[in-house]
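Note sheet for the following structure.
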Amino acid sequence: MTEIPEDHPRQESLLTRHRIEEGVEKGITSRQGLIAEGRGEAFDYLLGERTLPSADDAARAAAAHLLLADRPVLSVNGNVAALVPGEIVELAEAVEADIEVNLFNRTDERMRAIADHLREHGAESVKGLAADARIPGLDHERAKVDADGIHAADVVVVPLEDGDRAEALAEMGKTEIVIDLNPLSRSARSAAVPIVDNILRAVPNVTEHARDLRDADEAALERIVAEFDPEDALREAERAIRQGDLE
Ligand code: ATP
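For any residue, its number in the working numbering is found by taking its place in the sequence shown, counting from 1, and adding 10.
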């Protein structure tokens with residue numbers, strides 16, 4: 011890899027690009043993943059590459075949901091695996107969630123490569139390979155999930171998810187936490203908790219909130235959940251993108 015100087019103004023986004031490229035080379039990320047990365051980067055640029063206070067509130071509400079959940083699951087696709095494999099494992103440990111690989115462009119090879127990659131980053135068990143249940147309302151390949159994973163989950167974290175699947179999961183009655191830099195995407199709009207932030211910042215932030223809330227009682231967690239308004243979070247993000255001044 012060419013060294014990127016630390017003071018390069020786009021250092022963070024160049025590193026991100028490089029990780030996605032590496033993901034493609036390793037067979038973890040699909041080529042469409044490169045396009046998703048480009049879309050995300052544009053939104054992040056307009057947000058000033060920072061976590062908005064409203065996104066931080068969303069991360070705290072997400073942590074509260076995950077701590078209250080009976081069966082939380084973190085869904086991982088090719089971009090997520092390339093960008094934050096270790097951070098996903100840490101979040102799973104902090105909230106006692108399962109990790110499930112769930113791909114838009116599913117191939118057995120890529121499923122296995124991602125599961126291995128997550129294990130190399132400390133995951134003890136990775137779901138998604140059994141594919142013995144289906145999400146209703148989606149075509150065969152896109153609907154595949156594990157019966158004891160996403161299918162049975164009450165709270166699901168779906169970062170960088172395609173809109174159809176996010177909507178179908180919400181229709182199954184699951185509490186959906188979406189991480190997506192586009193506040194107008196259908197995924198963000200179907201979420202109980204949309205975190206409009208770069209996944210690189212959002213996942214460690216949810217983990218930090220979960221650690222902070224570890225000893226909170228149920229009533230306090232319920233209060234955080236009740237006080238969070240997804241519409242406000244989306245509005246704030248859209249406002250920042252449309253009107254924000256880049257410092
Ligand atoms: P929808 O069907 O919901 O409109 P889409 O088809 O636009 O989704 P994709 O093109 O697959 O979705 O892109 C995935 C989404 O992930 C985009 O909205 C993009 O902004 C977002 N995204 C990409 N990279 C990141 C990242 N690093 N952190 C957070 N979000 C990201």
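Ideal placement from N, C-alpha and C gives every residue a C-beta, glycine not left out.
In the DSSP assignment, the beta strand (DSSP E) including D108 goes from what residue to what residue? Position 98 of the sequence shown, counted from the start, is the residue given in the question as residue 108. Residues D108 to V111.
Whose CA, out of P169, A125 and R60, lies closest to the CA of K36? Your numbering for residue 36 matches position 26 in the sequence shown. Closest by alpha carbon: A125.
Coarse secondary structure for P193, derived from DSSP in three states: Stepping through the sequence shown from its first residue, residue 193 is reached at position 183. Residue state, collapsed to three classes: coil.
Who pairs with T185 in a beta bridge, going by DSSP? Numbered from its first residue, the sequence shown carries residue 185 at position 175. Answer is V165, bridged to T185.
First and last residue of the alpha helix (DSSP H) that includes I98? Within the sequence shown, numbered from 1, the residue matching residue 98 stands at position 88. That run of the alpha helix (DSSP H) goes P95 to V105.
Alpha carbon to alpha carbon, how far is T39 from R120? Give it in angstroms, no decimals. On the sequence shown, residue 120 is found 110 positions in, with the first residue counted as 1. On the sequence shown, residue 39 is found 29 positions in, with the first residue counted as 1. For R120 and T39, the distance between alpha carbons rounds to 8 Å.
Using beta carbons (cut-off 7 Å, strictly below), is V105 in contact with chain B? In the structure shown, chain B cannot be found, because there is only a single protein chain.
Starting from the C-beta of V235, find all residues in its chain whose C-beta is less than 8 Å away, skip the five residues before and the five after it, and write them out in chain order. Position 225 of the sequence shown, counted from the start, is the residue given in the question as residue 235. The residues are A71, A74, H75 and L78.
Hey, is S197 close to the ligand ATP, as in C-beta under 6 Å from one of its heavy atoms? Locating residue 197 in the sequence shown gives position 187, where the first residue counts as 1. Yes; taking the cut-off as 6 Å, the Cβ of S197 has a heavy atom of the ligand ATP nearer than that.
Cβ-heavy atom distance, I209 to the ligand ATP, below 6 Å: Along the sequence shown, read from residue 1 onward, the residue named residue 209 stands at position 199. The answer is yes for I209.
Could you tell me whether the Cβ atoms of A104 and A220 are closer together than 7 Å? As a first step, residue 104 must be located in the sequence shown, where it is residue number 94. As a first step, residue 220 must be located in the sequence shown, where it is residue number 210. Cβ atoms of A104 and A220: closer than 7 Å.
In chain order, what residues of the same chain have a beta carbon less than 6 Å from the beta carbon of E97, not counting five sequence neighbours either side? For this step, residue 97 is matched to residue 87 along the sequence shown. Hits under 6 Å: V213 and P214.
To the nearest angstrom, how far is it from the Cα of D174 to the Cα of I145? Counting from 1 along the sequence shown, the entry for residue 174 is found at position 164. Counting from 1 along the sequence shown, the entry for residue 145 is found at position 135. Rounded to the nearest angstrom, the two C-alpha atoms are 11 Å apart.
Candidates D142, R122, G147 and A143: which alpha carbon is nearest S135's? Counting from 1 along the sequence shown, the entry for residue 135 is found at position 125. Checked all of D142, R122, G147 and A143; the closest Cα to S135 is R122.
Verify whether the separation of the beta carbon atoms of G50 and E110 is less than 7 Å. Residue 50 sits at position 40 when you count from the first residue of the sequence shown. Residue 110 sits at position 100 when you count from the first residue of the sequence shown. No. Outside cutoff.
Measuring only the C-alpha atoms, how far is A226 from E232? If you number the sequence shown from 1, residue 226 lands on position 216. If you number the sequence shown from 1, residue 232 lands on position 222. The alpha-carbon atoms of A226 and E232 are separated by roughly 10 Å.
What are the boundary residues of the alpha helix (DSSP H) that includes I251? Here the question's residue 251 lines up with position 241 in the sequence shown. First-last of the alpha helix (DSSP H) with I251: P240 to Q253.
Residue from G147, E218 and S197 with nearest C-alpha to P240: Taking the first residue of the sequence shown as position 1, residue 240 is located at position 230. Selected option, being the one with the closest Cα: S197.
Using the Cα positions of I187 and H28, report the straight-line distance between them to the nearest angstrom. Locating residue 187 in the sequence shown gives position 177, counting from the first residue. Locating residue 28 in the sequence shown gives position 18, counting from the first residue. Taking the straight line joining both Cα atoms gives about 27 Å.
Determine contact between the segment 84–93 and the segment 40–59, defined as no fewer than three beta-carbon pairs at a distance below 8 Å. yes
Could you tell me if H127 is buried or exposed, where buried requires 16 or more neighbouring beta carbons within 10 angstroms of its beta carbon? As a working mapping, residue 127 is identified with position 117 in the sequence shown. Counting other Cβ atoms within 10 Å of its Cβ, H127 reaches 16 or more and is therefore classed as buried.
I believe T185 touches D164 by the beta-carbon criterion, under 8 Å. Please report the beta-carbon distance rounded to the nearest angstrom. As a first step, residue 185 must be located in the sequence shown, where it is residue number 175. As a first step, residue 164 must be located in the sequence shown, where it is residue number 154. At roughly 6 Å, the Cβ-Cβ gap stays under 8 Å, so T185 and D164 are in contact.
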